[in-house]
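Protein sequences, first through last, are from chains E and C.
The numbers in full-length UniProt numbering rise by one with no breaks, and the one at position 146 of the first sequence is 146.
The numbers in full-length UniProt numbering rise by one with no breaks, and the one at position 157 of the second sequence is 157.
Every residue, glycine too, gets a C-beta built ideally from N, C-alpha and C.
Scroll down for the structure; my scribbles are underneath it.
2 protein chains.
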Amino acid sequence: MDLIQEFEQWVGEDTYIKQVSIDCVIFGFHDNNLKVLLPKLKLDEDLWALPGGYIGKDESVLNATRRILESRTGLVDIYLEQFGVFGELNRNSKDLVKTITNKIGVTTEEHFWVFDRFISLGFYALVEYSKVTPRLNNILDESCDWYSIKELPALAIDHDQIIQKGLETLRIMLDHKLAGFNLLGETFTMKELQKMYETILDKPLRRDNFQRKMLDMDILERLEKQYTGAANKAPYLYKLKTIK
Amino acid sequence: MDLIQEFEQWVGEDTYIKQVSIDCVIFGFHDNNLKVLLPKLKLDEDLWALPGGYIGKDESVLNATRRILESRTGLVDIYLEQFGVFGELNRNSKDLVKTITNKIGVTTEEHFWVFDRFISLGFYALVEYSKVTPRLNNILDESCDWYSIKELPALAIDHDQIIQKGLETLRIMLDHKLAGFNLLGETFTMKELQKMYETILDKPLRRDNFQRKMLDMDILERLEKQYTGAANKAPYLYKLKTIK
């Protein structure tokens, strides 16, 4: 299937609900950095955008979000949370989409539905970094990579605001829903857990307080010591007691 | 303007974005109860629904929500927060709207746009109970009153779920955004403040801990004592230092 056919299938007139889109902030934790998965758009300028998509007429919002997330990460059953609605009048990606579609040789009409105003539903997803295989949208993307939230590239439309609001909500939810554990592998040391919290909250935490708080919640199962070669200094490994 | 004209104006084909609605959970605090403002629908059965509406084609989502809230409470500048998206395939109010519109003598076509599937954006609003004058939607409502969240009446579609999700989010946000102060008048005693927190969280709080926590945040300004007739036992009045 060539790009033009792919495009025509993607935007088939009667497939999607109009004027509503989904934007996903996909968070991963790697090298003590909180990162976001961002595709770079096929444009002459350097511009990135959140992975997003539309909601099928016969698809729930949740399933649409899961489909979009799977298409970008290869993962199913991702932890996700809706965190905001972006509905300002001036949010419009007409020029962007038009430039890209012209590039791949598609002729679009002036009143094409993807040029309309869109209300975007913001979802963040928490994934295990090492399990993700970033995937491109063939039509729109030049590449797709991880970027530290401390060094975000230039973002289209209001996507920087969407990321900031997602991050703000993640910080609030960190304690309330234990959401952060979805960023770690199945087992982890107390130090790794603390580092993840500190990175997301962007502040140091006191080691003794943090450890007491985590153990008091009675959610961690202590496993064997991590093999480091120096048995007496080896830290314990933990896993979550409850099902994620 | 009679009801039929009012209806025709309300659902004029080109006024609103299709398939997206807004539902508002309007919280008030009264008599040590957390209450929700709920219209009763014009039906033979006893059924209530959240106050809601649509988004104008030339209106931001935020302004649409403010317009809906003002139309129900008479208040402007209400504190509000988006808390969820309700996008299941099976949420449909076709039968409800049809029954009501038939009652007022409107003939609707089978494929009328308000009969479509709607994705609903959930917002909660925090209002000062005593300032609200509940207002009806002439077309849909028989009455409009406050109901304690402990004794909610029968609700249409998924509106009970929407209220529960709104309440859950309010509980999480209570500390993070000091949102609860919007439920109180300009001045309040420490006891009134604690009662409001206890009612929302649905659990008792220790008086000394609560008072210390509130004072440590350095957000309260202590005013004169409340006049009770017995000067020595009169509690201090407080107000928020910061602008709401």
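When C-alpha distances from Lys35 (chain C) are compared across C:Asp145, C:Glu168, C:Phe181 and C:Tyr238, the shortest belongs to C:Asp145. For Glu88 (chain E), the chain C residues whose Cβ falls inside 7 Å of its Cβ are Ser60, in order along the chain.
Interface with chain E (9 Å Cβ-Cβ cutoff): Leu193 (chain C) is excluded. Ranked by how close their Cα comes to the Cα of Asn32 (chain E), the residues E:Glu186, E:Lys213 and E:Tyr197 have E:Tyr197 in first place. Judged by beta-carbon spacing, Phe181 (chain E) lies beyond the 9 Å limit of Val25 (chain E), meaning their Cβ atoms are not closer than that value. Between the stretch 54-69 of chain E and the stretch 104-111 of chain E there are fewer than three inter-stretch CB-CB distances shorter than 8 Å, so the stretches are not counted as touching. In this structure, Met214 (chain E) places its C-beta atom within 9 Å of the C-beta atom of Leu193 (chain E). Less than 9 Å divides the Cβ of Ala125 (chain C) from the Cβ of Ile78 (chain C).
Cβ neighbours of Leu3 (chain E) within its own chain (closer than 7 Å, five residues either side excluded): Ile104, Asn138 and Ile139. With a 10 Å radius around the Cβ and a threshold of 16 neighbouring Cβ atoms, Asp14 (chain C) comes out exposed. Going by DSSP, Asp145 (chain E) is part of the beta strand (DSSP E) stretching over Asp141 to Ser148.
For Lys18 (chain C) and Leu240 (chain E), the gap between their C-alpha atoms comes out near 44 Å. With respect to Thr133 (chain C), Gly53 (chain C) sits apart: the two C-beta atoms are not nearer than 9 Å. The DSSP-derived three-state label of His30 (chain C) is strand. Using a 10 angstroms sphere on the CB of Gly12 (chain E), the tally of other CB atoms stays under 16, which defines it as exposed.
In this structure, the CA atom of Leu184 (chain C) is about 41 Å from the CA atom of Pro51 (chain E). In the DSSP assignment, the residues bridged to Lys225 (chain C) are C:Tyr236. Taking all protein chains shown into account, Val97 (chain E) has 16 or more neighbouring C-beta atoms within 10 Å of its C-beta and is therefore buried. Counting only unbroken stretches of 3 or more residues, the beta strand (DSSP E) elements lying wholly within the UniProt domain "Nudix hydrolase" (17-169) of chain E are 33-41, 52-56, 79-86, 119-126 and 141-148, in sequence order. The beta-carbon distance between Pro153 (chain C) and Leu38 (chain C), rounded to whole angstroms, is 7 Å. This is short enough to meet the 8 Å contact definition. Comparing alpha-carbon positions, the option among E:Ala156, E:Gln226 and E:Tyr236 lying closest to Leu220 (chain E) turns out to be E:Tyr236. Restricting attention to C:Lys195, C:Tyr238 and C:Lys225, the CA atom closest to the CA of Phe29 (chain C) is found in C:Lys195. Under the three-state reduction of DSSP, Thr199 (chain E) is assigned to helix. In this structure, Ile157 (chain C) keeps its C-beta atom at 9 Å or more from the C-beta atom of Ser71 (chain C). Spanning the alpha carbons of Ile149 (chain E) and Phe27 (chain E) requires a straight line of approximately 9 Å. At least one CB of chain E lies nearer than 9 Å to the CB of Leu121 (chain C).
Non-local beta-carbon contacts of His159 (chain E) in its own chain, meaning distances under 8 Å to residues more than five positions away in sequence, involve Asp23, Trp48, Ala49 and Leu50 in chain order. Taking a 10 Å sphere around the C-beta of Leu121 (chain C), we find 16 or more other C-beta atoms and assign the residue as buried. Leu201 (chain E) has its alpha-carbon roughly 6 Å from the corresponding atom of Arg171 (chain E). Distance from the CA atom of Arg207 (chain E) to the CA atom of Glu224 (chain C), rounded to whole angstroms, is 43 Å.
Under the Cβ criterion of 9 Å, Ala179 (chain E) is not counted among the residues facing chain C. Among the residues of the stretch 148-161 of chain C, none has a Cβ less than 9 Å away from any Cβ of chain E. Contact of Lys18 (chain C) with chain E is assigned, a C-beta pair being separated by under 9 Å.
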